[in-house]
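Those protein sequence lines, which keep their order, are chains A and B.
Mapping of the first sequence onto the working numbering: residues 803 to 1224, in sequence order.
Mapping of the second sequence onto the working numbering: residues 26 to 427, in sequence order.
Let me begin by presenting the structure, written as structure tokens, before commenting on it.
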Amino acid sequence: MFRYPDGLYCDVRIERLTFSDIRVDATGTREKRCCMRDGALVRVFDGARWRVRGVEDLQSVQANIDALSAQSSPRGDINSHPAVAALSTLHDTLPIPQEKDIRACKPEQKEKELIAFAKPMFGFKDAAGWTARYTDIHWRKEFYSSRDAAILWEEQQARASVSVLLAGKNRASGATFFRDFAAPQGLSRYNPALLTSFSEYAQHLKNASPTQPGRYTVLLAPPAAGILARDGIAPFAFGDAGWMEGKKICPDFVNVADDGLQDGTAHSFFDDEGARSAKNILIKDGVARALPVQGNRRAAGFLGMPVAGPTTIYFAPGKDKLDKMISGIADGLLIKSASGGVLRGRDFSLFPELAYRIEQGKVTCPVFIRALRGDMLELLGGISAVSYEPVHFLSHTSVDEESCYPKAFGGTHILVDGAEIA
Amino acid sequence: MSAIVEKLVLRRAEFSALVENTALRGTSERDSLHTGVRIYKGGCIGVAGFTGERGFDSALKSAKEALKNNISSPPPDEAHRESRKSGAWPLSPAELVEETNAVCTLLSRDYPDFVFSGGMKLLRDAKELSNDAGLELSSTTETLRIAIRWRKKSPENFMDGTFALESAAYNRDSLMSSLAARLDCGITQPPQNTSLVLELDRAEPLLGFFAMHMDGRIPSASALALKFNKRVFSRDFSLVRAQNPQTDFNHFFDDEGCRADGAFLIENGTPKNRLADRRSAALNKLVRTACAQSAFDAVPDVATGESARKMLKIAGSGRTLDELLHGAAAVYAPRGYQVNFTEEGGLAIIIPQAFVLQDGKFAGLLPGFKVVSDVYSVFGAKFGGVAEHEGQRCLVLSDLFG
């Protein structure tokens, strides 16, 4: 397809992104766009240095290969260079069947379904304001290289969400409810769950009181446990914090996996270097495992460089019964959801949203928590139970082409002893 | 009724030198051009866009078609013309590669126990907004961004750190001196009863509370709703929407052409105005504060989250850091700290690494710690003002450890 110069490794990733973005609020439609973007990332490696260029004019890909090659120093044995020898030589084509292609659905249908999804909001008294949003993304990716790789594959995802603003006296908060689906049909089936969720947030805002800083036994519900996996363990493993391969970093019953083939928004048959995605165990029976060398290099946006990172990362189920985990807590906290987390060095902070006190084995009053914080090794070492239940998966979707590297996360309930609450 | 046609052009050029394992791994470049076409007619807006040089006629047709979506929007009402440029690339792309190599060589020689990563990036960001109602604005920013992370080659991680700087100037000696000031510090104990100096980020996390609670679209959904036009913060604290081309590397107008020429959101401790675009200002009778944002082919809306934080600026004190600290030692937290807020304004600042600042120099390294407080204290009794220190804007907070 392209002409590659001798003595250099070269690859080209072409992406065509088609997306819909529809927003509706109480005043009517605020956004309704269906757009397409395409671009390519051209990379040339001469054994010493990568030269990379993002190209938005697909007619100029060959010219950019030639230009980057002219800046490089060819070497005869480039394919035996370790960095090149590991790269993809695959041939494959995995399109989405036409009958499942979300691009075939008309924007008017999507808007209608979005309004049905958000219907309860028109009478939801606790909302000071709200916005409903429908987004879908369809990616078509192609990968070609001087090692003869030639792959074409497609992925798609669709989501409806409602973000609500809740206000009390001198306090206010936001909450979001979303559902992912294969096709925008019958979205009103989510109305009861939406109402239940926002009612809980509204009650929490009205009744929660601040938590005194200190050390607590904390039960992380699956959304919060998943954020510990996504924002704590993933950057610990893939970032600069010094992954402790082969070392025992948590109790035997803790297992963490990263699975690029797990259904959901982070699903991709291949990574952005044309290697097959796979399921990788990051923590096995409490021991940090070696990181995979292939299959998890994803790019942030179609002009971004692929870097090693998580796909769908999650805590695998343990053996403990949830009701026993709760009944064993004399004085602790339940964190039901969190807005995110951050790892700096090995220091992790989780930012809770919905949280409750647990007293004498019962979930009691709602509380505000500023942050849960601790050294990753202390937090992971403090895990005292993991519930036996299906993994609850969550995801992240964005139609922003700068950040469309999708990650998903999940977990079950996780009990952490002696967690520091700020 | 006649239509107004508006064009938003965004051009972004980047050249990066990427560092891994204290060596240049490669270079990366991109140059993108995106154009948005908007039509305002009959109280509605239609938007479309295209990538690259060609596509205006087709986008115009799509924008006209999009008017049928009945998305309400007041028409543009500005007719000013202005062009500004802030910053300049201090190095050419070829010089950037040379400099990155040179810095890596020095770091390998002087700090063999550390591994460095990150890199340096030249960034040019241009925005033009014009319409046939007489608006013609253009802005270009050019900067060098440096982001360097380091990790000690040992199982301990308390020496891990980061350095970030965005500037239109570059000096290798100055960069090495800034890195050395951080890397040469030994662990020390925090001084008692000191002030905390926070290095302010371009999207400052401490302003996250205001980004959420000053949203002009829904004024009632705010913990500050009952506090507007009452003094609830320090008289020395003002939050403004302004751009100084000498020091601020962001655009001087928002995505609807409203100029960021000094609108106060909080003035001398009193919340006055909200983050407002043209529509929210009209609906809720607010002052426009140049806070509209949009993707090039999307309907403009009020900036939220990180975008809003990038627009807001704490007004400077006009004094030096030493004057604000009265010559006393302080704890200095570089960028990279995180802040989380509760619904009523409680906050925790999570600081992964800090330094003892004495006589304007780093005198010791402190391991991570947290500060627990609330916005009314941080921007009230404990607010000590903003000053510059070695090219970084810094916020002084007093008695936070008391």
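Each residue gets a CB set at the ideal place from its N, CA and C atoms; glycine is no exception.
Note to self: Within 10 Å of its beta-carbon, does B/Asp240 have 16 or more other beta-carbons around it, so buried, or fewer, so exposed?
What the structure shows: B/Asp240 should be labelled buried.
Check: Roughly how many angstroms lie between the CA atoms of A/Asp1060 and A/Tyr1116, to the nearest whole one?
Finding: Those two C-alpha atoms are separated by around 6 angstroms.
Notebook entry, point to check: Who are the neighbours of A/Asn972 on chain B, taking C-beta pairs under 7 angstroms?
Noted result: Ordered by position in chain B, the residues that pass the 7 angstroms Cβ test against A/Asn972 are Ala248, Leu251, Glu369.
Notebook entry, point to check: How many angstroms separate the CA atom of A/Glu901 from the CA atom of B/Ala91?
Noted result: Approximately 27 angstroms between the Cα atoms of the pair.
Checklist line | Contacting positions in the stretch 846-868 of chain A - beta carbon closer than 7 angstroms to chain B | finding: Hits within the stretch, in order: Arg851, Trp852, Arg853, Val854, Arg855, Gly856, Glu858, Asp859.
Note to self: So that I know if they touch, is there some Cβ in chain A lying closer than 8 angstroms to that of B/Ile243?
What the structure shows: Yes, B/Ile243 lies at the interface with chain A (some Cβ there is under 8 angstroms from its Cβ).
Check: Counting only beta-carbon atoms, is A/Ala1173 nearer than 8 angstroms to chain B?
Finding: True, the Cβ-Cβ gap to chain B drops below 8 angstroms.
Checklist line | Continuous alpha helix (DSSP H) stretch holding B/Gly233: start and end | finding: The continuous alpha helix (DSSP H) containing B/Gly233 extends over residues 233-238.
Item checked: Local conformation of B/Phe81 per DSSP, three classes -> B/Phe81: helix per DSSP, three-state reduction.
Notebook entry, point to check: Do you know how far the Cα of A/Pro1053 is from the Cα of A/Val1020?
Noted result: Roughly 16 angstroms separates the two Cα atoms.
Next item on the list: Measure the beta-carbon distance from A/Arg853 to A/Ser874 and round it to whole angstroms, keeping in mind my assumption that it falls under 8 angstroms.
Entry: The C-beta separation of A/Arg853 from A/Ser874 comes to about 6 angstroms, placing the pair in contact by the 8 angstroms criterion.
Notebook entry, point to check: Okay, do the stretch 924-931 of chain A and the stretch 967-978 of chain A touch, 3+ Cβ pairs below 8 angstroms being the bar?
Noted result: Because the criterion of three Cβ pairs below 8 angstroms is met, the stretch 924-931 of chain A and the stretch 967-978 of chain A touch.
Notebook entry, point to check: Does any residue of chain B bring its CB to less than 8 angstroms from the CB of A/Val1144?
Noted result: When Cβ-Cβ separations below 8 angstroms define contact, A/Val1144 makes contact with chain B.
Next item on the list: Measure from the alpha carbon of A/Ser1139 to the alpha carbon of each residue in A/Phe1170, A/Phe821, A/Ser1129, A/Thr1113, then state which is nearest.
Entry: Put simply, of A/Phe1170, A/Phe821, A/Ser1129, A/Thr1113 the residue whose alpha carbon is nearest the alpha carbon of A/Ser1139 is A/Phe1170.
Next item on the list: Could you please give the first and the last residue of the uninterrupted alpha helix (DSSP H) stretch that includes B/Gly330?
Entry: Counting along the chain, B/Gly330 sits inside the alpha helix (DSSP H) bounded by residues 330-336.
Check: Would you call the stretch 1125-1144 of chain A and the stretch 1154-1169 of chain A in contact, with 3 or more CB pairs under 8 angstroms?
Finding: The stretch 1125-1144 of chain A makes contact with the stretch 1154-1169 of chain A: 3 or more CB pairs, one atom from each, lie closer than 8 angstroms.
Check: For A/Arg818 and chain B, any beta-carbon pair shorter than 8 angstroms?
Finding: Not one chain B Cβ lies under 8 angstroms of A/Arg818.
Next item on the list: For A/Leu1135, return the contacting residues in chain B, with the cut-off set at a CB-CB distance below 7 angstroms.
Entry: By Cβ distance, chain B contributes nothing, its closest Cβ being about 14 angstroms from A/Leu1135, past 7 angstroms.
Check: Ordered along the chain, which non-local residues of its own chain (more than five positions away) have a Cβ less than 7 angstroms from that of B/Gly330?
Finding: Cβ within range, chain order: Ala236.
Next item on the list: Classify A/His1069 as helix, strand or coil using the three-state DSSP reduction.
Entry: Correct three-state label for A/His1069: coil.
Notebook entry, point to check: Quick one, which residues of the stretch 36-62 of chain B are near chain A if we go by CB-CB under 7 angstroms, in chain order?
Noted result: Sequence-ordered contacts of the stretch 36-62 of chain B with chain A read Leu49, Arg50, Gly51, Thr52, Ser53, Glu54, Arg55, Ser57 [C-beta pairs closer than 7 angstroms].
Notebook entry, point to check: In chain B, which residues lie less than 9 angstroms from A/Glu833 when you measure between Cβ atoms?
Noted result: Within 9 angstroms Cβ-Cβ: Val72, Asn94, Ile96, Ala323, Val324, Asp326.
Notebook entry, point to check: Can you name, in chain order, every residue of its own chain whose Cβ lies under 6 angstroms from the Cβ of B/Asn365, other than the five neighbours on each side?
Noted result: Cβ neighbours of B/Asn365 within its own chain (closer than 6 angstroms, five residues either side excluded): Ala373.
Note to self: Among B/Pro230, B/Arg50, B/Ser87, whose alpha-carbon lies nearest the alpha-carbon of B/Ala323?
What the structure shows: Residue B/Ser87 is the option with its Cα nearest to B/Ala323.
Notebook entry, point to check: List, in order along the chain, the chain A residues whose C-beta lies closer than 7 angstroms to that of B/His105?
Noted result: Those do not exist, as B/His105 stays about 27 angstroms from chain A at its closest Cβ, beyond 7 angstroms.
Notebook entry, point to check: For the beta strand (DSSP E) that A/Phe1038 lies in, which residues bound it at each end?
Noted result: It is not in any beta strand (DSSP E) - A/Phe1038 instead sits in the alpha helix (DSSP H) that spans 1036-1040.
Next item on the list: May I ask you to list, following chain order, the residues of the stretch 1006-1019 of chain A that have a beta carbon less than 7 angstroms from some beta carbon of chain B?
Entry: Look at the stretch 1006-1019 of chain A: the residues with a C-beta under 7 angstroms from a C-beta of chain B are Leu1007, Pro1012, Pro1015.
Checklist line | Straight-line Cα distance separating A/Ala1039 from A/Phe1055 | finding: Taking the straight line from one Cα to the other gives about 19 angstroms.
Check: Taking Cβ to Cβ, would you say B/Lys338 is nearer than 8 angstroms to B/Thr295?
Finding: No, the Cβ-Cβ distance between B/Lys338 and B/Thr295 is not below 8 angstroms.
Next item on the list: Tell me where the alpha helix (DSSP H) around B/Asn275 begins and ends.
Entry: Unbroken run through B/Asn275: none, as it is neither H nor E.
Note to self: Give me the chain A residues within the contact set of B/Arg176, using Cβ-Cβ distance strictly less than 9 angstroms, ordered along the chain.
What the structure shows: The answer, in chain order, is Asp1042, Ala1043, Gly1044, Gly1147.
Check: With a CB to CB cut of under 7 angstroms and the five nearest residues on each side skipped, what residues in its chain are close to B/Glu415?
Finding: Here the set comprises Ser203.
Check: Contact check, A/Ser822 vs A/Thr978 under 8 angstroms by CB: the rounded distance?
Finding: Actually they do not touch by this definition, with Cβ atoms about 19 angstroms apart.
Check: Counting contacts by CB-CB distance shorter than 8 angstroms, is B/Ala333 in contact with chain A?
Finding: No, no contact with chain A.
Next item on the list: Indicate whether at least one CB of chain A lies closer than 8 angstroms to the CB of B/Ser117.
Entry: No, B/Ser117 lies away from the interface with chain A (no Cβ there is under 8 angstroms from its Cβ).
Margin query: With a threshold of 8 angstroms, are at least 3 pairs of Cβ atoms found where one atom belongs to the stretch 298-318 of chain B and the other to the stretch 278-286 of chain B?
Written below: Counting Cβ pairs under 8 angstroms, three or more are found: they touch.
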